[in-house]
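**Student:** Quick one: the structure is below, questions incoming.
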Amino acid sequence: MVLYTAGSSTSYPSHSPDGIRLHFLGGAREVGNVGCIIEDRSGTRVLIDYGLAPTKPPKYPSEAPPVKHAIMTHAHIDHIGMAPWLTNHGTTLHGTDLTAAVSEIMWADTYKVSDIEGYPLAWDKRDLEAALDSWVPHQFNIWFDVGDWRCRLHPAGHIPGAAMIEIQTPEATILWSGDIDTRNSPNAPKAIPVDCDILCLEGTYGGRTHPDRAEEEERFVSRVLEVVSRGGVALVPAFASGRGQDILRILHREAPGLDVHYDGMGTRVTREWLGCPEFIQDSRAMEAAYRWSRRVTGKSDRKKALGADVIVTTSGMLDGGPALWYLNRLRHDGSNAILLTGYQAEGSGGRRLLELGALPIFGKQTRIPLEIDKFDLSNHADHPSLCKFASDCDPSHVVIFHADESAAEALAEDIGVETKVHIPSNDETLEIPLT
Ligand SMILES: [Zn+2]
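The numbering of the sequence shown is the numbering used here, which starts it at -16 and goes up by one.
Here it is as structure tokens:
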């Protein structure tokens, strides 16, 4: 349980740094749960991301010291989940318009889930409201001031509105990658390298290589068509913010004759996307795919969806949401199939299904005798792409975060040939000297 009191229990040092200080509150040697303070000798300090890991129970980063400015890279909960707590500090939240718009849906859902599951949360509904008023939204490529620094956001790929952060201090240029993808995805244009002195690089897929994206999309579509042709329903559990919309785009483009129903939080997120079309790759095609899908808005729609060809819904890891309701009904007909399209974390329903062929549905362990297939439609850069990106940014220092230990080490081994690499730990200060 986390019971933060503003500024009282932080691990953050009280003296000023000599060079550039990076202090991870979370997200070092782990995936998600991100929060990092950057400070230089001018006393300017900024918090980058403040998320939580939506495990059971959730995991929170350490308490942040008082901070006037926080920059949020994107609206996934492992990057913004704890941001409402910052209202205790009167912190200004910076991010793209789309990140700000989607944050309300994500925070409200986190609040609801913690309430239902009985997990403690360090912020309440009033903090959520205050956080919504704390946003200062930014367009890509437009400079803004943070203390003695200037900053601007660049597209990060990953999901629409996701940003890399370029920070110019009087002495160094820092690039914070956020979650990045250096390939175009159906909805988000790719991340382009930025020249910098210090590169803070996410390493989720360190040591791993993705299959060819186009071939994987093709394999997914042909599996869907196979299930439909034998009279089954393909259930596609997908994250609300990113993957679900990618799936709609792919199916609309490749198999427009299909009857695709779209349920869960993703429908609301998509409406926010369509309100910020400048962040979407070919937003008109996204809008067409959204209108083409049959949105599920109530109980009777949900029953109708059981007769669909494809159901795209949350949660992406089968931990809750309408996906479990559907699964509980679809499991009785062997012609149906479950097509997993994202990472299934340790302990998640999806991981249990893969390993045991069963998962808890409404508290009861339930066997699922259906065909299950898995597709790598990741929106993170893989090992070779991360190494190339790092090399193209031409930094003197690379700091690897958002990676488990082995992924970080695999990256350090390759990137370290040209550049000094740091693998920081949570609650420890990394100080990079300026030459
Ligand atoms: Zn993300």
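Ideal Cβ positions, reconstructed from N, Cα and C, are used throughout, including at glycine. Fair warning: this is a prediction, and the values are worked out from it, not measured in the lab.
1) Got a sec? Which residues, its chain only, sit under 6 Å from K39 by beta carbon, not counting five neighbours each side?
2) Which partner residues does K42 have in the DSSP bridge list?
3) Considering only residues of the same chain and omitting the five flanking positions on each side of G(-10), which have a CB-CB separation below 7 Å?
4) Count the other CB atoms, across all protein chains shown, that sit within 10 Å of the CB of L369; report buried if there are 16 or more and exposed otherwise.
5) Just curious, the alpha helix (DSSP H) that Q228 is in, first and last residue?
6) Please look up how many angstroms separate the CB atoms of T187 and Q228, rounded, as I've assumed it's under 8 Å.
7) Which two residues bound the contiguous alpha helix (DSSP H) that contains L69?
8) Name the one or two DSSP bridge partners that A341 has.
9) Closest to E200 by C-alpha separation, out of L323, S(-1) and R133, would be which residue?
10) Would you tell me roughly how many angstroms separate the C-alpha atoms of Y73 and S117, rounded to the nearest one?
11) Would you list the residues whose beta-carbon is nearer than 5 Å to any heavy atom of ligand 1, in the order they occur in the chain?
12) Exposed or buried, what is S420 when buried is set at 16 or more other beta-carbons lying within 10 Å of its beta-carbon?
13) For V382 versus I175, is the C-beta distance shorter than 9 Å?
14) How far does the beta strand (DSSP E) with R4 in it extend, from its first residue to its last?
15) For G419, count neighbouring Cβ atoms within 10 angstroms of its own Cβ and tell me buried if that reaches 16, exposed if not.
16) Please return the same chain residues whose Cβ sits closer than 7 Å to the Cβ of A391, not counting the five positions on each side in sequence.
17) Of all the options A105, A113, S361 and V204, which has the alpha carbon lying nearest to the alpha carbon of S86?
18) Starting from the C-beta of G78, find all residues in its chain whose C-beta is less than 6 Å away, skip the five residues before and the five after it, and write them out in chain order.
19) Secondary structure at Y309, three-state DSSP: helix, strand or coil?
20) Could you name the residues of the same chain whose beta carbon sits closer than 7 Å to that of V129, not counting the 5 residues immediately before and after it, in chain order?
21) Residues in the same chain with beta-carbon distance under 8 Å from S97, minus the five sequence neighbours each way, listed in chain order, please.
22) Helix, strand or coil for M(-16), going by three-state DSSP, please let me know.
23) On the CB-based measure, 16 or more other CB atoms within 10 Å of its CB, does F345 come out buried or exposed?
24) Report the residue ranges of all alpha helix (DSSP H) runs contained in full by the segment 183 to 264; include only those spanning at least 4 residues, in chain order.
25) Given a cut-off of 9 Å, decide if L5 and I21 are closer than it, judged by their beta-carbon atoms.
26) What residues in its chain sit with their C-beta under 7 Å from that of R213, if we drop five residues either side in the sequence?
27) Please report the Cβ distance between G332 and D302, rounded to the nearest whole angstrom; I am assuming they are in contact, meaning their Cβ atoms lie under 8 Å.
28) For S379, which residues in the same chain have their Cβ closer than 6 Å to its Cβ, ignoring the five residues on either side in sequence?
29) For R135 and D80, what's the separation of their Cα atoms in angstroms?
30) Where are the beta strand (DSSP E) runs, 3 residues long or more, that stay fully inside the segment 127 to 175, in chain order?
31) Is the distance from the Cβ of G225 to the Cβ of V295 below 9 Å?
32) Are the CB atoms of W126 and T70 within a distance shorter than 9 Å?
33) For the beta strand (DSSP E) containing I321, list its first residue and its last residue.
34) Is S(-1) buried or exposed, if buried means 16 or more other CB atoms sit within 10 Å of its CB?
35) Across which residues does DSSP place W118 in a beta bridge pair?
**Tutor:** A quick look at the data gives this:
1) The residue labelled residue 39 in the question sits at position 56 within the sequence shown. Cβ within range, chain order: n/a, list empty.
2) Within the sequence shown, numbered from 1, the residue matching residue 42 stands at position 59. K42 pairs with A36.
3) By one-based count along the sequence shown, residue -10 stands at place 7. Confidence is the limiting factor: at G(-10) the pLDDT is only 48, short of 50, which leaves the residue's position unreliable, though a coordinate-based value still follows. Cβ within range, chain order: P48 and P49.
4) Position 386 of the sequence shown, counted from the first residue, corresponds to residue 369. With 16 or more other Cβ atoms within 10 Å, it is buried.
5) What you label residue 228 is simply residue 245 of the sequence shown in a count that begins at 1. Segment R226 to E237, the alpha helix (DSSP H) holding Q228.
6) For the purposes of this step, residue 187 is identified with residue 204 of the sequence shown, where counting begins at 1. For the purposes of this step, residue 228 is identified with residue 245 of the sequence shown, where counting begins at 1. With 8 Å as the limit, T187 and Q228 do not qualify as a contact, their Cβ atoms being about 20 Å apart.
7) Counting from one through the sequence shown, the residue named residue 69 turns up at place 86. Taken as a continuous stretch (DSSP letters only), L69 belongs to no alpha helix (DSSP H), as it is neither H nor E.
8) Start at 1 with the first residue of the sequence shown, and residue 341 comes out as number 358. For A341, which the question treats as bridged, DSSP gives the partners R350.
9) Taking the first residue of the sequence shown as position 1, residue 200 is located at position 217. Nearest option by C-alpha distance: L323.
10) Locating residue 73 in the sequence shown gives position 90, where the first residue counts as 1. Locating residue 117 in the sequence shown gives position 134, where the first residue counts as 1. Reading the sequence as shown, one finds Gly at residue 73 and not Tyr. Rounded to whole angstroms, G73 to S117 spans 8 Å at the Cα level.
11) H59 and D162
12) Outside the displayed range of the chain (-16 to 418) lies residue 420, so it cannot be described from this structure.
13) As a working mapping, residue 382 is identified with position 399 in the sequence shown. As a working mapping, residue 175 is identified with position 192 in the sequence shown. Not in contact: V382 and I175 (Cβ atoms no closer than 9 Å).
14) Reading the sequence shown from its first residue, position 21 is the one you call residue 4. R4 -> beta strand (DSSP E) spans I3 to G9.
15) Nothing about residue 419 can be reported from this structure: the residues present for the chain run from -16 to 418 only.
16) The residue given as residue 391 occupies position 408 in the sequence shown. Contacts found: R12, G186, G189, I383 and I406.
17) As a position in the sequence shown, residue 86 is number 103, starting the count at 1. Nearest option by C-alpha distance: A113.
18) Taking the first residue of the sequence shown as position 1, residue 78 is located at position 95. Excluding residues within five positions, the ones whose Cβ falls inside 6 Å are M55.
19) Working through the sequence shown from its first residue, we reach residue 309 at position 326. In this structure, Y309 counts as helix in the three-state DSSP scheme.
20) Walking along the sequence shown from the start, residue 129 turns up at place 146. So the list reads T27, V29 and H52, once near-sequence residues are dropped.
21) Indexing the sequence shown from 1 puts residue 97 at position 114. Correct list, in chain order: P41, P103 and L104.
22) Taking the sequence shown and counting its residues from 1, one reaches residue -16 at position 1. The predicted position of M(-16) is uncertain, since its pLDDT is 42 and thus under 50; no value can be drawn from it.
23) Within the sequence shown, the letter at position 362 stands for residue 345. Per the 10 Å Cβ criterion, exposed.
24) 196 to 212, 226 to 237 and 249 to 258
25) Locating residue 21 in the sequence shown gives position 38, where the first residue counts as 1. Locating residue 5 in the sequence shown gives position 22, where the first residue counts as 1. Yes. Within cutoff.
26) Your numbering for residue 213 matches position 230 in the sequence shown. Closer than 7 Å at Cβ, skipping near neighbours: S318.
27) Within the sequence shown, residue 332 is the residue found at index 349, counting from 1. Within the sequence shown, residue 302 is the residue found at index 319, counting from 1. About 5 Å separates the two Cβ atoms, so the contact holds.
28) Residue mapping note: residue 379 aligns to position 396 of the sequence shown, counting from 1. Within the same chain, Cβ atoms closer than 6 Å to the Cβ of S379 are found at D180, the five residues on either side in sequence being excluded.
29) The residue given as residue 135 occupies position 152 in the sequence shown. The residue given as residue 80 occupies position 97 in the sequence shown. For R135 and D80, the distance between alpha carbons rounds to 13 Å.
30) 127 to 129, 132 to 138, 146 to 151 and 156 to 159
31) The residue labelled residue 225 in the question sits at position 242 within the sequence shown. The residue labelled residue 295 in the question sits at position 312 within the sequence shown. No, the pair does not count as a contact, with Cβ atoms beyond the cut-off.
32) Taking the first residue of the sequence shown as 1, we reach residue 70 at position 87. Taking the first residue of the sequence shown as 1, we reach residue 126 at position 143. It is not a contact, given that the beta carbons lie outside the stated cut-off.
33) For the purposes of this step, residue 321 is taken as the residue at position 338 of the sequence shown. Here the beta strand (DSSP E) through I321 covers A320 to L323.
34) For the purposes of this step, residue -1 is identified with residue 16 of the sequence shown, where counting begins at 1. Exposed, since its Cβ has fewer than 16 Cβ neighbours within 10 Å.
35) For the purposes of this step, residue 118 is taken as residue 135 along the sequence shown, with counting starting at 1. Per DSSP, L76.
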